[in-house]
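Participant: Counting along the sequence shown from 1, when you hit position 98 you're at 113 in the numbering used here, and nothing is skipped either side. From the three backbone atoms N, C-alpha and C, an ideal C-beta is built for every residue, glycine too. To start, I am sharing the structure in question, which I have written as C-alpha cells.
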Amino acid sequence: MKHLLSTQDLTRDQAVRLLDIAEDMAEVSNREVKKLPTLRGKTVVNLFFEDSTRTRVSFELAAKRLSADVITFSAKGSSVSKGESLKDTAQTLAAMGADAIVVRHGASGAAQVLAERGWTNAAIINAGDGTHEHPTQALLDAYTMRKRIHDGVAVTIVGDILHSRVARSNVWLLASLGARVHLVAPATLIPIGVEAWPSTVGYDFDVAIDFKPDVIMMLRIQSERMNHAYFPNEREYARQWGLDDERVARLPVATMVMHPGPMNRGLEISSVAADSYRSTVLEQVASGVSVRMAVLYELLTGSLA
Ligand code: CP
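Following this line, the structure appears as C-alpha cells:
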C-alpha cells in the first residue's frame with residue numbers, strides 16, 4: 016500500500032496492523048526522549064488548503080518524532096493564493112524531494128487526484144478531503160476506543176453526518192473492525208445513499224440513548240459547508256440533537272463521549288458533556304500523534320502490504 020486515501024479501501028488486517036503499531040508508537044511518546052531515527056533523511060510535507068489545528072500539528076509532531084524533515088505549507092500565505100493549481104503545487108513539492116505529502120483540501124477526491132495523476136511519486140495521506148473521508152481521524156478514534164472496549168462495540172454517531180468526512184471514515188473502518196454503528200441526525204443532515212453504508216439510521220437522539228451505546232460520537236455542525244438552513248435554528252438543534260447536561264447524565268457510566276474537534280460548545284455538545292469524565296476528546300488528540308506516526312512509518316518504510 017503506497018497511499019492512505021480512505022478507510023473504505025483499507026482492509027481489516029491493514030487497519031489492525033496500523034493500530035498495533037500505533038500502540039508501539041505511544042510507548043515512544045512516554046519516553047523522556049520522544050524520538051526514533053526511523054525516518055531520518057525522509058521529507059514529509061503537510062499541504063493544508065483548509066484550516067486545521069489537531070491534524071496539522073499532530074502530523075508535524077509525528078513526523079518529527081520519527082526524525083523526518085517536515086515542511087508545513089498552508090494555502091494562505093503561499094502561491095496558491097496567487098492562483099497556483101494543485102498540479103503545479105504538487106509538482107513543485109515533488110521537485111523538492113517530498114517523500115510523503117499529507118494533504119487537506121476542500122474538494123472531495125483531491126487526495127486521490129494527487130495519488131493517481133503521476134504529478135509526484137510521494138506517498139499521499141488524506142488529511143481530510145471535502146465531505147469525503149478523513150482516514151487518520153477514524154483510525155485515531157478506533158485506537159481510542161480499542162484501548163477501553165474490546166469486541167462488539169456499539170457506536171452511535173450523532174449530528175451533521177451529511178457534511179462529515181469523519182463520519183464516513185468511521186462508519187467504514189468501525190464496521191470493518193466489527194463494531195455496530197448507528198447514525199442519528201435530523202433527516203436533512205443524512206446523506207442520500209446512506210442505505211448502502213454498513214450502519215443503521217435513526218432520527219431521535221433520546222431513543223438512541225435508551226439503547227445504551229458504548230460510545231457516543233458527537234459531530235461538529237459544519238456551518239462553513241452549509242449554503243442553506245438544515246434545521247430551524249441553533250437552539251432547536253441543541254434541544255433535539257445536542258448532547259446536553261440532561262442527556263449526558265442519562266448515559267451509562269462507562270459510555271465514552273467522543274468528538275473529533277473542533278467543538279461548538281453549547282450547540283452539538285454542552286461544556287458539561289465535553290469536560291465530563293466520560294469525554295475522550297483530549298485522549299483522541301493524544302492518540303492522533305501515535306496513529307499518525309504509525310501511518311507515516313508504514314507508508315514510508317514500505318512495510319504495509
Ligand atoms: N479533527 C480534526 O480534523 O481537527 P482539525 O480540523 O483541527 O485538524
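Is the Cβ-Cβ distance between V230 and S214 less than 8 Å?
Facilitator: No; because the gap between Cβ atoms is not below 8 Å, this pair is not in contact.
Participant: Using a 10 Å radius around the Cβ and a threshold of 16 neighbouring Cβ atoms, would you call A320 buried or exposed?
Facilitator: Any reading at A320 must be qualified, since the residue scores a pLDDT of 46, below 50, and its modelled position is unreliable; the value itself is stated next. By the 10 Å Cβ count, A320 comes out exposed.
Participant: Taking buried to mean at least 16 other C-beta atoms within 10 Å of its own C-beta, is M271 buried or exposed?
Facilitator: Buried, since its Cβ has 16 or more Cβ neighbours within 10 Å.
Participant: Distance check for S291 and V117, CA to CA, integer angstroms please.
Facilitator: Taking the straight line joining both Cα atoms gives about 33 Å.
Participant: Are the segment 166-179 and the segment 53-60 in contact at 8 Å, needing three or more beta carbon pairs?
Facilitator: No, the segment 166-179 is not in contact with the segment 53-60.
Participant: Run through DSSP, which three-state label would A320 get?
Facilitator: Low local confidence applies: a pLDDT of 46 at A320 is under 50, so the model's placement there is unreliable, with the coordinate-based value given in what follows. Coil, per DSSP.
Participant: Give me every residue whose Cβ sits closer than 5 Å to any heavy atom of the ligand CP, in chain order.
Facilitator: Checking every Cβ against the heavy atoms of the ligand CP under 5 Å gives S67, T68, R69, T70, P275 and G276.
Participant: For L108 and V60, which I take to be in contact (beta-carbon distance under 8 Å), what is that distance rounded to the nearest angstrom?
Facilitator: About 5 Å separates the two Cβ atoms, so the contact holds.
Participant: Between the Cα of A130 and those of A264, H18, R293 and E313, spot the shortest distance and give me the residue it belongs to.
Facilitator: Checked all of A264, H18, R293 and E313; the closest Cα to A130 is H18.
Participant: Cα separation between D22 and Q29?
Facilitator: The sequence shown places Thr at residue 22, rather than the Asp named in the question. If you take the alpha carbons of T22 and Q29, they lie about 10 Å apart.
Participant: Mark S294 as exposed unless 16 or more other C-beta atoms lie within 10 angstroms of its C-beta, in which case mark it buried.
Facilitator: When all chains shown are included, S294 counts as buried.
Participant: If we ignore side chains and look at the alpha-carbon of each, how far apart do K50 and S44 end up?
Facilitator: Roughly 8 Å between the two C-alpha positions.
Participant: Taking only the alpha-carbon atoms, compute the straight-line gap between A264 and S302 and give it to the nearest angstrom.
Facilitator: Computed Cα separation, rounded: 26 Å.
Participant: Could you spell out where the beta strand (DSSP E) holding N61 opens and where it closes?
Facilitator: Run containing N61: T58 to F63, per the beta strand (DSSP E) assignment.
Participant: In whole angstroms, what separates the C-alpha of L311 from that of A77?
Facilitator: C-alpha separation (whole angstroms): 8 Å.
Participant: So, at 7 Å on beta carbons, what are the nonlocal neighbours of L315 in its own chain, with the 5 sequence-adjacent residues on each side left out?
Facilitator: Result list for L315: L54, K57, D114, A115 and A138, in chain order.
Participant: Any chance you could list the alpha helix (DSSP H) runs of at least 4 consecutive residues sitting entirely within the segment 154-241, in chain order?
Facilitator: Counting only runs of 4 or more, we get 180-191 and 220-225.
Participant: Cβ atoms of M232 and I284: under 8 Å apart, would you say?
Facilitator: In this structure, M232 does not lie closer than 8 Å to I284 by Cβ.
Participant: Does DSSP put V128 in a helix, a strand or coil?
Facilitator: Helix at V128.
Participant: For V170 and P228, which I take to be in contact (beta-carbon distance under 8 Å), what is that distance rounded to the nearest angstrom?
Facilitator: Confirmed, Cβ separation roughly 6 Å.
Participant: Quick one: using the 10 Å Cβ neighbour count with 16 as the cut-off for buried, is D103 buried or exposed?
Facilitator: The residue in question, D103, is exposed, as its Cβ has fewer than 16 Cβ neighbours within 10 Å.
Participant: List, from N- to C-terminal side, the beta strand (DSSP E) runs of 3 residues or more that fit wholly inside the segment 242-297.
Facilitator: The qualifying runs are 271-273.
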